[in-house]
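Trainee: Sharing a structure, written as structure tokens. Questions coming.
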Amino acid sequence: MEYLLAAVAILSVAAFVAVPLRRSGSEQPAAIAAAADLEDLEARKLAKYREIRDTELDHAQGKIDEQDFRRQDAELRAEAVEILSALDDQKSTKPSS
Amino acid sequence: MNAVGAAALFVAFLTAIYVVVSALLGTRGDSRWADSSRRAVYALCALLLIAVLSLELAFLRDDFSLALVAQNSSTTTPTWPYKLTAMWGSQAGSLLLWATVLSIAASAVLAMTRGHHREVVPWATAVMGGIAVFFTGLIAAGIAFPGAETWPFAALSPVPVEGQGLNPLLRHPLMAIHPPMLYAGYVFFTIPFAFAIGALITRRLDASWIRSTRRFALIAWVLLTIGLALGARWSYSELGWGGYWAWDPVENAALMPWLTGTAFLHSIMVQERRGMLRTWNVSLIVLTFALSLLGTFLVRSGILQSIHAFGESKVGPPLLILIATILIGSTLLIVSRLGDLRSERRIDSLASRESFFLVNNFLLVALAAVVFWGTFFPLISEALSGEESSLAAPWFNRFTTPIGIALLFVAGIGPLLAWRRVSLAGIRRSLMIPTAAAALAGLLAWLLGDAGGEPLALVLFVVAGFTIASVSQELIRGAAARRSLTGDPLLLSLGRLVARNRRRYGGYVVHAGIAVMFIGIAASSSFQTSEDLRLEPGQEARVADYTVRYVEPTESIDSAQQSLTFGAVIEVWRDGEPESMILAPSREYFSVNSQSDGAAPLRSFFEGEATSEIGRQEGLTTDVWTAIQPDLSSLDLVMTKVDRQFAQRIEQIEPGDVEAMRQLATDQGEAIARFAQFYVLNSPAANIRFNVNPFIFWLWAGIGIAVLGALLALWPGSGARRREVVSDIYAARLARELASSPG
Amino acid sequence: MDPARKRQIRLGVALTVAVLLAAALVYTSFSAGTEAREPSDLLAAGPNGETYKLTGKVSEEGPRVGGSLEFVIEDRDGGETLPVSYEGIIPDPFREGREVIVTGELSEQGVFVAEEDSLITKCPSKFVAEDGSIPENTFVE
């Protein structure tokens, strides 16, 4: 009895996992790598925004004095702009599928 | 029905193998194989759930044809929750639990990362699949090697009419959920581990692997915290020794991954913000996962003397090999990627969050090292000196207490700092109130609690006061700062502040919770009153400022559980308080006889398991705790006499004489009832352990607060999309501002 | 001081503290540890004033008088027995046939005098009789 059930289970699972395999083609590794690069940049962008916001909060609370804040804020925003422009570059070179 | 579960479980093993194979094929960039492997993980989850479901149904049906059910349940076991939770009391059941929770977590993370991280995900899937192969393989191996006892559907023939039931010590709701909480905690660390390995292999070592798996690490932390707390709570409220932590090897096994997991949760924040500590983070998650497996191994292997010894099991060696493989493989992988891992960034200043996170990590790992050394010392000493030597609580406390205090202090300073650098004036401003609060806390403890005699506790109160004040200050000042920016009223500002910065303020709440927990620990350890009393009914004794009176003995019989309970009514007065407390500690004795066996009906109660029922009055400031050990020596003669009479009667009954057997059973029942009353009438003395534990409530409350804080930090952001839009507007503003700014 | 030097100093401090901690761990553990012994080992060595962790099986449970308990402990695989005199909490799972660990020293009179509250009893493994078989009386047709 178990063998019959096991065979049924194996066939069902096989059918379920075979669905993607019947697709015609797949993306090139280069495209996948590009997508991964994009994701990394997006993650860095959001982290950078969080940093900028946190620094603002800390400054508003008085933990960072005015001078330090201006310097840090400018640094962070410059880094953010770098990431944004890298993102733009990445998006424009991404092959349209 | 069992056939369905058995078939599903075996096919699950095959599916897990396919997960690994298809995932590895998917790493070459072919997303068809990657998608197929993801579907295979979903299928694995479904199959394991079917297996679990069919096992639970077997328990509910009292299907004793399964050895698992016969050994862990009985017709008299209460359905809720013990029949349902009995499954993971056994080795086979707990392995199945591990595999099932893993498949659920893996399915969740793969569904959440669908279409993302397409380079890392196939490798991570392969790793998770590999672990699944290990556990389902161990389970399936139980079919060929029944001695290993890992196949849950092992049949029993002939089929017994009654099961052996659950060990009375485990018949407690806390014990029902304690194991799955711990196991689930261990399992959830698999996810960040698998993604770390994937990130290392593909050299995608930025923070994106952390972003996707951070929540799983936090969930693991919450589950481990709850599991540890439940174990401690059970020990305190159910066992006759009155303590909650004994530095027992099995307790330590769960604590170690909790410690390194806590360190990991902190250090990934540094990597996300500043891109630093990348090597440290991957090493830490490998260590945490290895410790989680070690925890599973320690509990099941019997290599260390512990009260939790489950006997020697055959799964020990394979688990050890798995741990070794993971450690060696991961180390080689990390070393080969050291170049990619090194970051350019350095810590700017000592007075920065990053710096204190490093200190926090150092302390946590040091604590884990102490616990590790102490736990494995019997093996180490045997290897080095030939003699097995073990360490007890005093040795552990000598090291863990100062490190714990230092940690609490750092947990108080962290929220006061900022990333990168805090100005000197900023530090001074931030430290003023918490330091004052700390001093006040110390003063109060000195004056009100006579903490002068306990310097360690005093230091702890001071540091805890510091941390709680620091967290409160952060909340209030943050809300005030927000109010000055937005003009909202203070309370609304506070609410919005916390809602928009859940991770930060959730973390602060956790710190406050830990501080409260430490207050509970310090107060209840250093200022505990404990006395062993021997009282006759009607007698009183004085303990500190309490009067304890043994009012009368109590008895009860539970025929369903086949148990006899002897206890007492204890009345306790505290000086200066008019109301007395009535406590009812007792001891429950479970008979070794089954329902039909009538040998030695009375003595059988005292040859089986016995559990303590604690008479306890909990309060915000004090717990009064009593346990009783009835003196049974005066009952000996009666027991022997009555048992001998019944033995003689049994001999005279013809086999097959059903009527006589039934009469015997009835008479035995009456004899037991009379015996119980005899105990009460005979009024024997009893040993009563009387403990007064100050502030122990706050130990539990503190843990609860910490868990709530973690849940707050976990809460998914509904405003994420809104923030995205805002961020893009932000981006435009940024560009404009920087374009227009001079220089 | 330039940042690189600062980093080196910090690393040096951290490593020093780590080494000191490790040394403290090792040093204190070897002197604080209690060695484990079975009854046969103790009997062979005789009373020497040292404290040991006695491990073995309860072969006979004696009377519990007041807060004290007398019992007989034997080697885990049977063999030599040793009487134990104990005061303190008796753990819930304690009974004949169970494995226990108790800390104390062997007295001149040949009795193992245990430290208060040092008795640990191992929780039994899942209802398998001591020789590995499942008890007879659970099978009733």
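Chains A, B and C supply the protein sequences, listed in that same order. Going by my numbering, the residue at position 84 of the first sequence is 84; the numbering climbs one at a time, nothing skipped. The number in my numbering is simply the position in the second sequence, starting from 1, with 1000 added. The number in my numbering is simply the position in the third sequence, starting from 1, with 2000 added. Cβ atoms here follow ideal geometry from the backbone N, Cα and C, with glycine treated the same way.
In chain order, what residues of the same chain have a beta carbon less than 7 angstroms from the beta carbon of A:E79, not counting five sequence neighbours either side?
Mentor: Taken in chain order, the residues that qualify are K48.
Trainee: With a 10 Å radius around its C-beta and 16 neighbouring C-beta atoms as the bar for buried, classify C:T2051 as buried or exposed.
Mentor: It counts as exposed.
Trainee: Tell me which same chain residues have a C-beta within less than 8 angstroms of the C-beta of B:G1089, skipping the five on either side of it?
Mentor: Taken in chain order, the residues that qualify are N1072, L1166, N1167, L1170 and P1179.
Trainee: Please classify A:K91 as buried or exposed, where buried requires at least 16 neighbouring CB atoms within 10 angstroms.
Mentor: It counts as exposed.
Trainee: Nearest-angstrom Cα distance between B:P1238 and B:A1246?
Mentor: It should be noted that the sequence gives Glu, not Pro, for residue 1238 of chain B. Taking the straight line from one Cα to the other gives about 15 angstroms.
Trainee: With distances taken Cα to Cα, identify the nearest neighbour of B:A1568 among B:P1402, B:T1611 and B:V1551.
Mentor: Cα-wise, what sits closest to B:A1568 is B:V1551.
Trainee: Is B:I1334 closer than 9 angstroms to B:S1283 when the C-beta atoms are compared?
Mentor: Closer than 9 angstroms, so yes.
Trainee: Pull up the distance between the alpha-carbon of B:L1407 and that of C:T2028, whole angstroms please.
Mentor: Answer to the nearest angstrom: the Cα atoms are 22 angstroms apart.
Trainee: What separation, rounded to the nearest whole angstrom, lies between the Cα atoms of C:G2078 and C:E2099?
Mentor: Roughly 12 angstroms between the two C-alpha positions.
Trainee: Among the residues of its own chain, which have a CB less than 8 angstroms from the CB of A:L21, if the five just before and after it don't count?
Mentor: Nothing meets the Cβ criterion.
Trainee: Helix, strand or coil: which one does DSSP assign to B:P1122?
Mentor: Three-state DSSP puts B:P1122 in a helix.
Trainee: In three-state terms, what does DSSP make of C:K2053?
Mentor: Residue state, collapsed to three classes: strand.
Trainee: Give the secondary structure of A:L11 by DSSP, where H, G and I count as helix, E and B as strand, and everything else as coil.
Mentor: If DSSP states are grouped into helix, strand and coil, A:L11 belongs with the helices.
Trainee: Counting only beta-carbon atoms, is B:G1719 nearer than 9 angstroms to chain A?
Mentor: Its pLDDT being 48, under 50, B:G1719 is placed unreliably by the model, and the measurement read from it follows with that caveat. For B:G1719, the answer is no, since every Cβ of chain A falls outside 9 angstroms of its Cβ.
Trainee: Ordered along the chain, which non-local residues of its own chain (more than five positions away) have a Cβ less than 6 angstroms from that of B:S1389?
Mentor: Contacts found: S1381.
Trainee: So with CB distances below 9 angstroms, who are the chain A contacts of B:Y1018?
Mentor: What B:Y1018 touches in chain A: V13, A14 and V17.
Trainee: Let me know the secondary structure DSSP gives B:M1276 once reduced to three states.
Mentor: Of the three classes helix, strand and coil, the one that applies to B:M1276 here is coil, per DSSP.
Trainee: Taking the DSSP output, what are the residues bridged to C:I2120?
Mentor: Beta-bridge pairing links C:I2120 to C:I2101.
Trainee: Mind listing which residues of the stretch 1226 to 1253 of chain B have their C-beta closer than 7 angstroms to chain C's C-betas, in chain order?
Mentor: Within the stretch 1226 to 1253 of chain B, the residues whose Cβ lies closer than 7 angstroms to some Cβ of chain C are L1239, G1240 and W1241, listed in chain order.
Trainee: Kindly list the residues whose CB is nearer than 8 angstroms to the CB of B:S1212, restricted to its own chain and excluding five residues on each side of it in sequence; keep chain order.
Mentor: Same-chain partners within the cutoff: V1109, M1112, T1113, H1116, H1117 and F1195.
Trainee: Quick one: what does DSSP say C:Y2086 is sitting in, helix, strand or coil?
Mentor: Strand, per DSSP.
Trainee: Let me confirm a value: B:P1317 is counted as buried when at least 16 other C-beta atoms fall within 10 Å, else exposed. Which label applies?
Mentor: By the neighbour-count rule (16 or more Cβ atoms within 10 Å), B:P1317 is not buried but exposed.
Trainee: Buried or exposed for B:S1292, going by 16 or more other Cβ atoms inside 10 Å?
Mentor: Buried is the call here.
Trainee: For a cutoff of 9 angstroms on Cβ pairs, would you count C:V2140 as touching chain B?
Mentor: With a pLDDT of 27 at C:V2140, under the threshold of 50, the predicted position of this residue should be treated as unreliable, though the coordinate-derived value follows. Yes, because at least one Cβ of chain B sits closer than 9 angstroms to the Cβ of C:V2140.
Trainee: Check for me: the alpha helix (DSSP H) holding B:A1070 runs from which residue to which?
Mentor: Counting along the chain, the alpha helix (DSSP H) containing B:A1070 begins and ends at A1067 to N1072.
Trainee: How about B:F1145: is its C-beta nearer than 9 angstroms to some C-beta of chain C?
Mentor: Not an interface residue.
Trainee: Taking B:A1627 and B:P1585 to be in contact with their CB atoms under 8 angstroms, please state how far apart those CB atoms are, rounded to whole angstroms.
Mentor: Between B:P1585 and B:A1627 the Cβ distance is about 5 angstroms, and since that is below 8 angstroms, they are a contact.
Trainee: Identify, in the order they occur along the chain, each residue of the same chain with its Cβ nearer than 6 angstroms to the Cβ of B:A1720, setting aside the five sequence neighbours on each side.
Mentor: Unreliable positioning characterises B:A1720 in this predicted model, as indicated by a pLDDT of 48, which lies under 50. A coordinate reading is not provided.
Trainee: Please list the residues of the stretch 1339 to 1364 of chain B that have a C-beta atom closer than 7 angstroms to any C-beta atom in chain C, keeping them in chain order.
Mentor: The stretch 1339 to 1364 of chain B vs chain C, Cβ under 7 angstroms: R1346 and F1362.
Trainee: In chain order, what residues of the same chain lie with their CB nearer than 8 angstroms to the CB of B:M1181, ignoring the 5 residues before and after it?
Mentor: L1223, L1224, I1226, G1227 and L1230, listed in sequence order.
Trainee: Quick one: grab the DSSP three-state call for B:R1203.
Mentor: In this structure, B:R1203 counts as coil in the three-state DSSP scheme.
Trainee: Considering only residues of the same chain and omitting the five flanking positions on each side of B:F1134, which have a CB-CB separation below 8 angstroms?
Mentor: The residues are P1318 and L1322.
Trainee: Which one or two residues does DSSP pair with B:N1693 in a beta bridge?
Mentor: DSSP, once it has assigned bridges, lists B:D1623 as partnering B:N1693.
Trainee: Measure the CB-CB distance between B:I1688 and B:D1532 and report whether it falls below 9 angstroms.
Mentor: Cβ distance < 9 angstroms, so B:I1688 and B:D1532 count as in contact.
Trainee: I need the straight-line Cα distance from B:M1276 to B:S1470, nearest angstrom please.
Mentor: So the two alpha carbons sit approximately 26 angstroms from each other.
Trainee: Distance, Cα to Cα, C:I2134 vs B:A1067?
Mentor: Confidence in C:I2134 is poor, its pLDDT being 37 and thus under 50, which makes the residue's placement unreliable; the coordinate value appears in the next sentence. Distance between the alpha carbons of C:I2134 and B:A1067 is about 11 angstroms.
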